[in-house]
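For reference, the structure is listed below as structure tokens.
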Amino acid sequence: MTQLFNFIFFQLKKSAEIITDSTSIIWFNDDFYMLLLRFAINLFFLTIIIRYLYYPKTKRKDYLFTYYLIGTITFFLCFGLKKLDIDTGMGLGLFAIFGIIRYRTDAIEIKEMTYLFLIIGISVVNALGANKLSMAELGTINFSVVILTYILEYVWLMKHETRKTINYERIDLITPDKYEEMKADLEKRTGLAINRFDIGKIDFLNDTALIRVFYYADEQELSDYHVN
Numbered sequence: 248m249t250q251l252f253n254f255i256f257f258q259l260k261k262s263a264e265i266i267t268d269s270t271s272i273i274w275f276n277d278d279f280y281m282l283l284l285r286f287a288i289n290l291f292f293l294t295i296i297i298r299y300l301y302y303p304k305t306k307r308k309d310y311l312f313t314y315y316l317i318g319t320i321t322f323f324l325c326f327g328l329k330k331l332d333i334d335t336g337m338g339l340g341l342f343a344i345f346g347i348i349r350y351r352t353d354a355i356e357i358k359e360m361t362y363l364f365l366i367i368g369i370s371v372v373n374a375l376g377a378n379k380l381s382m383a384e385l386g387t388i389n390f391s392v393v394i395l396t397y398i399l400e401y402v403w404l405m406k407h408e409t410r411k412t413i414n415y416e417r418i419d420l421i422t423p424d425k426y427e428e429m430k431a432d433l434e435k436r437t438g439l440a441i442n443r444f445d446i447g448k449i450d451f452l453n454d455t456a457l458i459r460v461f462y463y464a465d466e467q468e469l470s471d472y473h474v475n
């Protein structure tokens, strides 16, 4: 019991000393210039990826706001944690948990999730590479990511096929011989140039069927319309 008490007392004393040492306020140091420089670099490459690679393909303005703020917060979070006596992995783990909880409330396309991971990864590298990476190495990493993203988005993968699930009530058209008629009806209702579609679960009791329509999102305006 005495040893346990001494151990607890020692830990409390050590914690008090750490708190006392951390109460001294540092108004300015040379790391401030490094913060500004690396934040400018991070913001520059985020703008290339978000505004000039992602947005022209998707036209999703709602994700512009999300990506910019997540990239900025991630950068400042990592830059701040590396100057504190806190495990950076733990901090990023907590950030990831809260991010997953938030984004599990609404479905995100795989492409948008990939860009989200890309934004977080770039921001982490730009923030944590201050002491270990030179500017040449940091620039090489950022430019490599941008170039690879451009090649995959605009050169190799010109067409991005996506899908929507529709609750369709005209089950009289689900027979194979009326495929083209059903496709024309779906295109008229949704406003999409449908590439193909699959028939899922059929509910004869309510005269409805679940239809998965596939279309090239890069060739047309995205629509959130659902047929009832």
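Using our numbering, the first residue of the sequence shown is number 248, and each one after it goes up by one.
Cβ coordinates follow ideal geometry from the N, Cα and C atoms, glycine included.
query	result
Looking at residue 415 and residue 440, is the spacing between their C-beta atoms short of 8 angstroms?	no
Give the range of the alpha helix (DSSP H) segment to which residue 320 is assigned.	308-328
With a threshold of 7 angstroms on Cβ separation, who are the neighbours of residue 443 within its own chain once the five nearest residues in sequence on each side are excluded?	461
Using DSSP bridges, identify the partner residues of residue 411.	460
How about residue 317 and residue 355: are their beta carbons less than 8 angstroms apart?	no
What is the DSSP secondary structure of residue 393, reduced to helix, strand or coil?	helix
For residue 300, tell me which candidate among 427, 445, 362 and 282 has the shortest Cα-Cα distance.	362
Taking the alpha helix (DSSP H) that residue 373 falls in, what are its first and last residues?	357-375
Look up residue 379 in the DSSP assignment and say whether it is helix, strand or coil.	coil
So, helix, strand or coil for residue 254, using DSSP?	Because the pLDDT at residue 254 is just 47, under 50, the model does not fix this residue reliably, and the value given afterwards should be weighed accordingly. Helix at residue 254.
Quick one, which of 296, 288, 413 and 459 has its alpha-carbon nearest residue 322's?	288
Is residue 297 near the ligand ATP, going by C-beta to nearest heavy atom under 7 angstroms?	You won't find the ligand ATP in this model; it holds no ligand whatsoever.
My guess is that residue 314 and residue 297 are in contact by the Cβ rule of under 8 angstroms, so how many angstroms apart are they, rounded?	5 angstroms
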